[in-house]
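Residue numbers (my numbering), protein chains in the order written: chain A, 2 to 192; chain B, 194 to 256. The structure under discussion appears below in the form of C-alpha cells.
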C-alpha cells in the first residue's frame, strides 16, 4: 500500500510540468485514487518487488507511466494551440515563442513517440517563421505569389477562336509589347 | 534547429506514416550539408523504399 502511494506521488510529480491549472492536478490525484482499488489485488506484491529492486527502477516505471498518461491525455500544446497562442499574444510574440521553445526542448526528451512527434511539428512551424527560412513572411528570397485565374481564362478564350484570329492577336500583342519591332514597322509604313 | 536533428531522425524512424511525414518536413526545412546525422536518413529511406507495402500504403494515404 505504501509503495502504491509512493508510485502515485512520483507519477503526479512527473506529470506536474505538463499540468497548467490546479484543477487538472486535482483531477489526476482523483484518478490515481480511483485507480488504486482496482490494482490493489495484485498491486501490493508488485509494488514491494518494485521497491526492492530499487528507487531508480521505480522512478523509471513511474516516468514511463507519466509519459504515456501525458501523451494520451495530451496536456501538451498542439500545433493549433501554438498558432492560437501566437495570435493571442500580439505584441509579445518573442516572449511567447521562447517559452514555447523551452517547452519543446523538454518534450523532445520525452520517451513517448507521439509527444516527440508533436514537438518536432511545432518546432518546424517555429523554424519556418524565421527570416532565414524560404517560406517566411520576412524572407529575403522571392516568395510565391497568388496566381489569379485570369490568364487561364484568357487561354480558354484564345482556344475557342479560329487560328487566323489567334495569329492576328498574337502579332498585335508582340507589336504592342516590342518597342523595337514597333519602331521598324513604323519606319516601313512611313516610307 | 540543429540541436533537434536527432529527434527529427527518431520521428522519421517511427513506423507510422503520419509521423514520418512530419519528420521528413522537419528534415527538409532544417537540415543542411553540414548536418552530421544526415547519413542516418539515407539508410532509413532505403529501408522504406525496399518495403513496397509501406510505399503503397503511404501513396494511398496521400491520395
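Just so you know, even glycine gets a beta-carbon here, dropped at the ideal spot from N, CA and C. Here the structure is a predicted model, which is why all the values come from computation and not from measurement.
Proximity below 9 Å, CB of residue i to CB of residue j
| i | j | result |
| --- | --- | --- |
| residue 197(B) | residue 158(A) | no |
| residue 219(B) | residue 163(A) | no |
| residue 60(A) | residue 108(A) | no |
| residue 244(B) | residue 213(B) | no |
| residue 83(A) | residue 123(A) | yes |
| residue 254(B) | residue 224(B) | no |
| residue 241(B) | residue 248(B) | yes |
Neighbour-count burial assignment, residue i, 16 or more Cβ in a 10 Å radius
| i | result |
| --- | --- |
| residue 177(A) | exposed |
| residue 174(A) | exposed |
| residue 91(A) | exposed |
| residue 205(B) | buried |
| residue 167(A) | exposed |
| residue 200(B) | buried |
| residue 118(A) | buried |
| residue 188(A) | exposed |
| residue 96(A) | exposed |
| residue 116(A) | buried |
| residue 89(A) | exposed |
| residue 179(A) | exposed |
| residue 236(B) | exposed |
Coarse secondary structure for residue i, derived from DSSP in three states
| i | result |
| --- | --- |
| residue 182(A) | helix |
| residue 209(B) | coil |
| residue 162(A) | coil |
Integer-rounded CB distance, given that residue j should sit under 8 Å from residue i
| i | j | result |
| --- | --- | --- |
| residue 216(B) | residue 129(A) | Not confirmed; about 15 Å, so no contact. |
| residue 238(B) | residue 202(B) | Wrong, their Cβ atoms sit about 11 Å apart, outside the cutoff. |
| residue 87(A) | residue 94(A) | 6 Å |
| residue 222(B) | residue 99(A) | About 19 Å separates the two Cβ atoms, so there is no contact after all. |
| residue 112(A) | residue 65(A) | 6 Å |
Proximity test, residue i beta-carbon vs the ligand FMN heavy atom, cut-off 8 Å
| i | result |
| --- | --- |
| residue 214(B) | Of ligands this structure carries none, so the ligand FMN is not represented either. |
Checklist entry - Can you list the beta strand (DSSP E) stretches of 3 or more residues lying completely in the stretch 62-135 of chain A, in chain order? => result none
Item to check | Every unbroken alpha helix (DSSP H) inside the stretch 224-250 of chain B [4 residues or more] | outcome: 231-243
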